[in-house]
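Numbering (our numbering), first residue to last: 6 to 1157. The C-beta atom is built at its ideal place from N, Cα and C for all residues, glycine as well.
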């Protein structure tokens, strides 16, 4: 539900009406409550002839649910029950809150956070201490009519869940089941799936019943007529063979009739189809003093036994929905003392209520057992798999022990868990993560499951200080020991035979002689006696010093060079950017990367400025002043000087500082607005060629290069292409010129890092080609302003210049017989099918590799990967970094599904989809993603889950977050842009994600949301994260949301003045400035704590995140809400709940 919607405030059913305070009504089934006077109204037994349908009041939306329909998203402002409960549960206020005006609901888009008490956090389901709202007193209740339906609204979901009620959660093969069946007539074709109804199966699940229940019908046909006595339609499943299981979900779909409520059966508590036994359903909220029994922490997604029965308080005849026959489902009044539900995976099981009997005496007996009506409610977001809960459980289970890599096919802790790694023969998960650690033995199995087999490899990953860097092994002139046939490098899996004189390759089984200098005897177990002395025999990751044979032209490389190329056109100078860069470079040049023990960096530096022409600078140490040389013939680029262009920083320091002082003055009065771009890269490339070294160009660029020159571009931005077949052209470069230039750069080892400062369209898709294919990084600062953006830019620049980087790199992935690397994703260039070439590879970049079967694998030998990276270090040393990983192989699909890693799977799927948009319409790419994930889950359901009806959604334990994360990828700006997302943004994000590691994609697609007001100022720990949904926010609190690129600080309108003063240094909410890019440094514990949290997050991410302060109900809030990924998005993306239902429908279609 959405916090920014006013909820509808009418009298809920089952609650005394205004004017009848304290006047109890008879129980729902017509049974009077003991000791309660009878009401003057009889029991409601279905619609009477002539039963009047009142007109819904203004502001009531029958098709509540999707922004597309122009309707509000909220349907309850009660904070004491599940946030997505349809039909409010309000008691009369205890605090004298004024009754809201009748029909006071606000149209969509208006912000009125009526859900929460001031300062109360709504995290999960808050306790009902917040004042409830009184039904409007202006609504008379007449025996002949019903109250206006204000509080109960139907929800017409995009994926159309029909009515239903309590959720069944049981563990099938460690798989989560989300039971799902519906009450009332089936939905129209195209919306044929929905949340479940309310009768739990007796033994945890039913076997599927007959499939001839109904044929789907279109919206133009009516629902089938009721066929059971007493006016109750037969329990219809949304799909043939679906059991009635337990999820509290009364969502009414307009145009469908809920049954008339008679004789004690709640509208959504139908019995299962004929012959199936029926159990008591879930009880309602506990009474005061009653405990709530929840599932144990060790069983986060499992409800062990059918709960005891519950009962309903008395009910008046309720009003029909607009366009509905009969009344909506009943609800409970809130009970004081209802316990708060945490952010757990699933809602708690309620205990029985004292003073009430079991099933109603008047209930008809279908099948075998009668069942009472459960409290209906909408699919409870707390009862579907929670990313927060899964992350928390993994931290608790894996965070304390080190992860020891000695065992084959071990699934590592999640990327969100802080853990130490002990390398004992397999590479650390910081270097390699796989989508599955147990891979199918045959290609048929792999095809059947559709689980992609992929590894996300980060060869130069940074390790925490407590872990040892890979050892450097020097075998002298003979170089590393390798297999004669497949050229795999010596590793822990090689088998020594014949007393140690030969070894058998673990990749291709070829037997190779051990070189004499490498010979060593074997012990009684067949291990070499120097096993623990040699990193390549005992560790998963290590480095070899490469010999001259591994170098270009058979000569050792020179140390690399950095060339800084600064746009000095009018925009760059006017914004203060040129001066800022020059000032920063003076100090930054002292921090160039260097080898561990070196006094100073071996990297040489050069400087170029440009607009329509290029200016080269001679900064030779013997000069008193720098000299400038201008090249105006940009069509035929050359470097006008060799000696004095690339210099040692310390030797030429005074000349360099003098140059950096002069550049801003030299161009201070420039009127030149046009720029070139390709010639700038060509100039850098030619300079590196002349110096015979690899290196990196740092280009600072502001505008579309429209000046006459090679690589000139035109503005081709066209929003009208979105959602057409031509949309893919927006992601493609507009000319092949840059592809050819990239190829030349890779051949020379010239890596390009691009810092962009656009004020309008710049064509990132084209300008980024060279950066992307050379293994470089793009940074983008749209509408750059000195005061708000300089911190972020300078931090990014410092980190980019200082980080570890390998030059002139080639990577090859070898695999044992049976699988091979077939596809690669990332920022690199490939001239053949096996070698990944990168002019530069830094510690943040990943290469994702997909594997396919080319033969059968065996369970005994497993599968092996070896990633070998040949690169030049920043000191000019040629090295080989080797990472090895052993995986299990399985003949049972259940073993595959038990050893998958969803975060890595999503990383692969996002990259696969983001590459797909280059060649296919975006809709095709989205549909393919949904289809593949439905196939993965359907295969599990069919082959691994114990038999149960199709009405239950059963997810593998380690993939239960696949739907929520997949939905985040589908809703991302690349695949479903909102109107405010620019073409450049989409191209930028597409390139960024393609080389992200698993931790980065995890927080990028499902941001981290922290309640700052809950932070313990005395501890170092972060406050517990909450789920990404607006209904989790309380207007009395301050939250922080981070996604790896931005940090939002959201401030609720009712935050205490003291907190505002402590954090922002102003006295009231209205004085908080939106323009803050950093929080003020204030001497108080709260300010210190929040700033330390932000600093901690900044250190964890590879880019400096932009801080954005968002005040509730401010225009920036729309941007913030875009990142609340469990909610519907303005660009049409589904909410998590709706998408889960949609995935369920897709799975069922595959199964049938």
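Asked, Found
"Beta carbon of residue 991 nearer than 8 Å to that of residue 1008", "no"
"Residue range of the beta strand (DSSP E) that includes residue 444", "443-445"
"Burial state of residue 824 (16 or more Cβ within 10 Å)", "buried"
"Residue 170 versus residue 384: straight-line alpha-carbon distance, rounded", "Interpretation of residue 170 is limited by its pLDDT of 35, a score under 50 that renders its predicted location unreliable; the figure taken from the coordinates is listed afterwards. Residue 170 and residue 384: Cα-Cα distance of roughly 8 Å."
"Proximity below 8 Å, CB of residue 998 to CB of residue 916", "yes"
"Three-way DSSP call (helix, strand, coil) for residue 1075 in this model", "helix"
"Within 8 Å, strictly: CB atoms of residue 552 and residue 616", "no"
"According to DSSP, residues forming a beta bridge with residue 608", "Answer by DSSP bridge pairing: none, since residue 608 is not bridged."
"As assigned by DSSP and simplified to three states, the class of residue 917", "helix"
"Presumed contact (8 Å Cβ cut-off) between residue 855 and residue 838, rounded CB distance", "Contact flag wrong, Cβ pair sits at about 13 Å."
"Residue 576 - containing alpha helix (DSSP H), residue span", "575-579"
"Residue 1048 in three-state terms, based on DSSP", "coil"
"Assigned secondary structure, residue 528 (DSSP; H/G/I helix, E/B strand, else coil)", "coil"
"Length of the line joining the Cα atoms of residue 1146 and residue 1129", "19 Å"
"Rounded C-alpha distance that separates residue 730 from residue 1111", "34 Å"
"Proximity to residue 871 [Cα-Cα], best of 945, 756, 438 and 984", "438"
"Cβ-Cβ separation, residue 511 to residue 489 (assumed contact under 8 Å), whole Å", "About 14 Å; that fails the 8 Å criterion."
"Residue 1012 burial status per 10 Å Cβ neighbour count (16 or more: buried)", "buried"
"Beta-carbon proximity check, residue 594 vs residue 430, cutoff 8 Å", "no"
"C-beta contact flag for residue 779 and residue 759 at 8 Å", "no"
"Whether residue 897 touches residue 455 by CB criterion (8 Å)", "no"
"Validate contact between the segment 457-472 and the segment 841-849 using beta carbons, cut 8 Å, 3 pairs", "yes"
"For residue 358, three-class secondary structure by DSSP", "Reliability of the predicted coordinates at residue 358 is poor, the pLDDT of 41 falling under 50, and no value is obtained from them."
"Span separating the alpha-carbon of residue 547 from that of residue 537", "13 Å"
"Residue range of the alpha helix (DSSP H) that includes residue 669", "658-671"
"Buried versus exposed call for residue 883 [16 or more other C-beta atoms within 10 Å across all chains shown]", "buried"
"Status (buried if at least 16 other CB within 10 Å, exposed otherwise) for residue 816", "buried"
"Residue 586 in three-state terms, based on DSSP", "helix"
"Neighbour-count burial assignment, residue 673, 16 or more Cβ in a 10 Å radius", "exposed"
"Same chain, Cβ closer than 6 Å to residue 443, five either side skipped, listed in chain order", "414, 893, 895, 900, 901 and 904"
"Enclosing beta strand (DSSP E) for residue 635 [first to last residue]", "632-636"
"Own chain, CB closer than 6 Å to residue 1086, minus 5 neighbours either side, in chain order", "none"
"One or two residues paired with residue 453 in a DSSP bridge", "Residue 453 is not bridged to any residue."
"Identity of the residue in 727, 591 and 650 nearest residue 665 by Cα", "591"
"Residue 878: CB within 7 Å of a non-hydrogen atom of the ligand MN", "As presented, the structure is devoid of all ligands, the ligand MN included, so that no description of it is given."
"Whole-number beta carbon distance between residue 756 and residue 781, since they are thought to touch under 8 Å", "5 Å"
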